[in-house]
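> Residue numbers (my numbering): 294 to 1001.
C-beta: ideal position from N, C-alpha, C; glycine also.
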């Protein structure tokens, strides 16, 4: 059987850059899978995908002209239907065989197979392998149908009548099996061995010699680097070389990698040039300049490698590699200048009005039609922040001031132009107004996704504002019925809950939360609900939000700890800042030889206590009749104070270790003592004893959740 490399290329109008790499990979993998299912690929077949702004292509190194014969087993019909009383084929069987093209098979050549209920007739044999020429159209159609197209475009074909749908109009189709053109038609375009090179650097069509010459011919004749990865690596190396030459760096933040991916999707033959702007613009907050250069112009700002400060130079990734790029450089400098001038103008104009004077303007910005304006929200956040500060013994006035100013920059010209810089701009304006550094930091950090460093005295106000805003969102948005459903979470309540958890963890890491702290999640949620005044919230909001936050914490911890351990801790809804330490302690306890037996006993005790109506009496030592229950009472009397002392100090592992010493007495009790006896006084006394044991066991976690 002949085997050759196979190349398929779709030549299109400019594809959406942010989706290009995903489209290229999906097209290649979908096409490969379609051929693989038909056994058309060689054992050592290699897959290569190509993606440029104007093309999607795939090359498979070993493709068969026809797949090998394939054995098949065709389930026909039940034996009782296919054969008559004499074992001969019924008309139904003969009709079925004819429909399947198997009329040449006799009854003797059919096998039988049972599905457990009845026997079936099975036709076994071999079928000719799929021919590539016949299947190629289907394979390409399937690959195209499976593309993750972000937005489908409808356009007319050249006949002026037929409309088709694709991500962008297709203008060319290459289908080369070795050097042979295979006949297929996609979106009104017939296949050929002709493609196009760079839109400006190449004018003549390129006649591809064969599938293997594709990449080399495109680069040498068409000035196109077809490989997405090769093009990305080339751009990255050119950026690094130019930055090094200028004793600068393009930065290490995630936005750099994202921008590199985007420019790779915008050019076919990249070249990196150096541009610059007037140094006076460096007086504008650098985040504004960086954002407009990266987001709007796709430039790479350059930074001083020693200080990390923005410089007045930037790198341009051009689609035109030419000997004299001066016009390209000057053109880009002319384009960026007015954008930087706008940023400078907005900044200087905004600075004429103190940040605090902008607060009242928030009344004109709707937060949510059921929850009022941004000013209404700010007033609620102020109350919540003050409440948190009081509970933590922090500076209440400072927390209130940070909450007052938090959203004031929403009314600024700069945020109107660069909404991505909310909070960052407010921090600059607050600093210029002479606000305390703690407030400046709080404003700058309020939009972070997570709190990832231990809280210090300098960042305590920041953590308070961070929590207050998210708690207000959770209670308010949830309270008016906009709860997350499935994957939908338009108000990012899941992210808000995880943000609260991260801030609580870091408050504990900074020693601002401990066993003596009066701040609790329930009290915080209850207080927050009260700040909404006349706004009608669902009466179950507090309970539901609390459960939601604990559930988010459970999901987060399940990735790092045993699920049953996490469930055991979360079951008690302990203070959020204790959960990690409790989980670690229970993880250690679960490894003890006593753990499994005690967990099972704890579960048994819980089931017994569920049967109790009303309250249990105090333990009466005089009616402890059996030696085993007397021994258990004695053990509890010794262990319980010790376990509670450790628990009170937050020494969870030591508390559980103490509980482990009750195993022998517990096992003996359940072996030798009947709890549910007829004598009510004895029964109640034994249940009271078990209730005391149950409470001691479950100080740290509900250890019954550890039972196998």
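(1) Give me the Cβ distance between residue 383 and residue 376, rounded to the nearest whole Å; I'm assuming they're in contact under 8 Å.
(2) Taking the straight line between their C-alpha atoms, what separation do you get for residue 299 and residue 413?
(3) In whole angstroms, what is the alpha-carbon distance linking residue 544 and residue 535?
(4) What's the gap between the Cα of residue 829 and the Cα of residue 995?
(5) Should residue 700 go down as buried or exposed, given a rule of 16 or more other Cβ atoms within 10 Å for buried?
(6) Who are residue 302's beta bridge partners in DSSP?
(7) Drop a sphere of 10 angstroms on the beta-carbon of residue 916, count the other beta-carbons inside from all chains shown, and report buried for 16 or more, exposed for fewer.
(8) Apart from the five residues just before and just after residue 666, which ones in its own chain have a Cβ nearer than 8 Å to its Cβ?
(9) Given a threshold of 16 other Cβ atoms within 10 Å of its Cβ, counted over all protein chains shown, does residue 565 qualify as buried or as exposed?
(10) For residue 457, report the span of its beta strand (DSSP E) as first-last.
(11) My parser needs the alpha helix (DSSP H) runs of 4 or more residues fully inside the region 805-872; what are they?
(12) Under the DSSP definition of a beta bridge, which residues are partnered with residue 406?
(13) Just list the beta strand (DSSP E) runs in the region 554-579, keeping only unbroken ones of 3 residues or longer that don't cross its boundaries, in chain order.
(14) State the DSSP-derived secondary structure class of residue 356, mapped to helix, strand or coil.
(15) Sort 693, 452, 771 and 486 by Cα distance to residue 506 and report the nearest one.
(16) Hey, is the region 353-371 in contact with the region 415-424, meaning 3+ C-beta pairs nearer than 8 Å?
(17) Would you mind reading off the limits of the alpha helix (DSSP H) that contains residue 513?
(18) Is it the case that the region 436-447 contacts the region 313-330, given that we only count it when at least three CB pairs across the two stretches are under 8 Å?
(19) With the cut-off set at 8 Å, would you say residue 745 and residue 795 are in Cβ contact?
(20) Cα separation between residue 756 and residue 310?
(21) Per DSSP, residue 500 forms a beta bridge with which residues?
(22) Using a Cβ cut-off of 8 Å (strictly closer), state whether residue 535 contacts chain C.
(23) Could you give the DSSP three-state label for residue 371: helix, strand or coil?
(24) What residue ranges within the region 651-707 form continuous alpha helix (DSSP H) runs of no fewer than 4 residues, ordered along the chain?
(25) Roughly how many angstroms lie between the CA atoms of residue 508 and residue 516, to the nearest whole one?
(26) Residue range of the alpha helix (DSSP H) that residue 990 falls in?
(27) Mind checking whether residue 303 and residue 348 have CB atoms under 8 Å apart?
(28) Could you check what DSSP says for residue 307 in three-state terms: helix, strand or coil?
(29) If you follow the alpha helix (DSSP H) that residue 520 is in, where does it begin and where does it stop?
(30) Are the region 855-867 and the region 877-884 in contact at 8 Å, needing three or more beta carbon pairs?
(31) According to the neighbour-count rule (16 or more other Cβ atoms, all chains shown, within 10 Å of its Cβ), is residue 691 buried or exposed?
(32) Does the distance from the CB of residue 704 to the CB of residue 463 come in under 8 Å?
(33) Considering only DSSP beta bridges, list what residue 296 is partnered with.
(34) Please tell me whether residue 695 and residue 754 are closer than 8 Å, where the distance is taken between their beta carbons.
(35) Using C-beta distances below 6 Å, list every residue in its chain close to residue 586, excluding the 5 sequence neighbours before and after it, in chain order.
(36) For residue 324, which of helix, strand or coil comes out of DSSP?
Result, derived from the coordinates:
(1) With 8 Å as the limit, residue 383 and residue 376 qualify as a contact, their Cβ atoms being about 6 Å apart.
(2) Separation of residue 299 and residue 413 (C-alpha to C-alpha, rounded to the nearest whole angstrom) is 42 Å.
(3) For residue 544 and residue 535, the distance between alpha carbons rounds to 13 Å.
(4) Approximately 36 Å, taken between the alpha carbons.
(5) Buried is the call here.
(6) BP columns for residue 302 point to 350 and 467.
(7) So residue 916 counts as exposed.
(8) Here the set comprises 655, 656, 657, 658, 659 and 660.
(9) Its Cβ being crowded by 16 or more others within 10 Å, residue 565 is buried.
(10) Counting along the chain, the beta strand (DSSP E) containing residue 457 begins and ends at 456-459.
(11) Segments of the alpha helix (DSSP H) lying fully in the region 805-872: 814-823, 834-851 and 856-863.
(12) According to DSSP, which records beta bridges pairwise, residue 406 is partnered with 413.
(13) Correct list: 564-569.
(14) It is a strand residue.
(15) Ranking 693, 452, 771 and 486 by Cα distance to residue 506 puts 486 first.
(16) Flag = yes, the region 353-371 and the region 415-424 touch.
(17) Unbroken alpha helix (DSSP H) run through residue 513: 507-515.
(18) Contact between the region 313-330 and the region 436-447 is present, because at least three Cβ pairs lie under 8 Å.
(19) In this structure, residue 745 lies near residue 795, with their beta-carbon atoms less than 8 Å apart.
(20) Spanning the alpha carbons of residue 756 and residue 310 requires a straight line of approximately 38 Å.
(21) Paired residue(s): 487.
(22) The structure shown contains no chain C; it is built from a single protein chain.
(23) DSSP places residue 371 in strand when its eight states are reduced to three.
(24) Inside the region 651-707, DSSP marks whole alpha helix (DSSP H) runs of 4 or more residues at positions 667-685 and 689-698, from first to last along the chain.
(25) Our two residues, residue 508 and residue 516, have alpha carbons roughly 10 Å apart in a direct line.
(26) In this chain, the alpha helix (DSSP H) harbouring residue 990 covers 973-990.
(27) In this structure, residue 303 sits near residue 348, with a CB-CB distance shorter than 8 Å.
(28) Reduced to three states, the DSSP call for residue 307 is coil.
(29) Membership of residue 520 in any alpha helix (DSSP H) is not indicated, and neither H nor E is assigned to it by DSSP.
(30) By the Cβ test, the region 855-867 is in contact with the region 877-884, since at least three Cβ pairs between them sit closer than 8 Å.
(31) A residue is called buried once 16 or more other Cβ atoms fall within 10 Å of its Cβ, and residue 691 is buried on that count.
(32) No, these two residues do not count as a Cβ contact at 8 Å.
(33) 357.
(34) Residue 695 is a Cβ neighbour of residue 754, given a cutoff of 8 Å.
(35) For residue 586, the CB contacts under 6 Å within the same chain, skipping 5 residues up- and downstream, are 592, 594 and 607 in chain order.
(36) Residue 324 falls in the helix class under three-state DSSP.
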